[in-house]
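Notes for the one structure printed next.
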């Protein structure tokens with residue numbers, strides 16, 4: 001698979017849009033199927049992780065769109081890119097992902 005859109009990959013991502021809260025993309029499968037997907041966290045690496053999960057579930061027999069919808073519905077993990085909104089004019093996040101107690 002390729003999150004960078006390499007057309008030679010069995011699965012690849014197209015139409016990637018990385019936003020401040022999440023990322024959306026189209027997963028294109030080996031038979032040309034087009035799956036609407038959303039990575040619940042921002043960043044291209046989260047697109048790659050989400051595509052990897054969709055591909056893994058598809059290989060295991062799960063319908064790819066069902067897999068993508070399930071991943072998109074996963075609630076955020078407290079302390080993992082958690083937005084803090086106190087009315088400030090900037091984006092603030094809590095991210096304890098790289099601490100031993102996270």
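Residue numbers (the UniProt record's numbering): 1 to 102. All C-beta atoms in this analysis are idealised placements derived from N, C-alpha and C, irrespective of residue type, glycine included.
Please tell me whether residue 40 and residue 72 are closer than 9 Å, where the distance is taken between their beta carbons. yes
At the level of alpha carbons, what is the spacing between residue 107 and residue 56? Here the chain comprises residues numbered 1 to 102, so residue 107 is not present and cannot be evaluated.
Residue 64 beta carbon less than 9 Å from that of residue 29: yes
Report the three-state DSSP secondary structure of residue 10 (helix, strand or coil). coil
Tell me whether residue 86 is buried or exposed, calling it buried when 16 or more other Cβ atoms sit within 10 Å of its Cβ. With fewer than 16 other Cβ atoms within 10 Å, it is exposed.
What do you get for residue 66, buried or exposed, if any count of 16 or more other CB atoms within 10 angstroms of its CB means buried? Around the Cβ of residue 66, a 10 Å sphere holds fewer than 16 other Cβ atoms; the residue is exposed.
Leaving out five residues on either side along the sequence, give the residues of the same chain with a beta carbon under 7 Å from the beta carbon of residue 15. 25, 26
Please report the distance separating the alpha-carbon of residue 31 from that of residue 9. 12 Å
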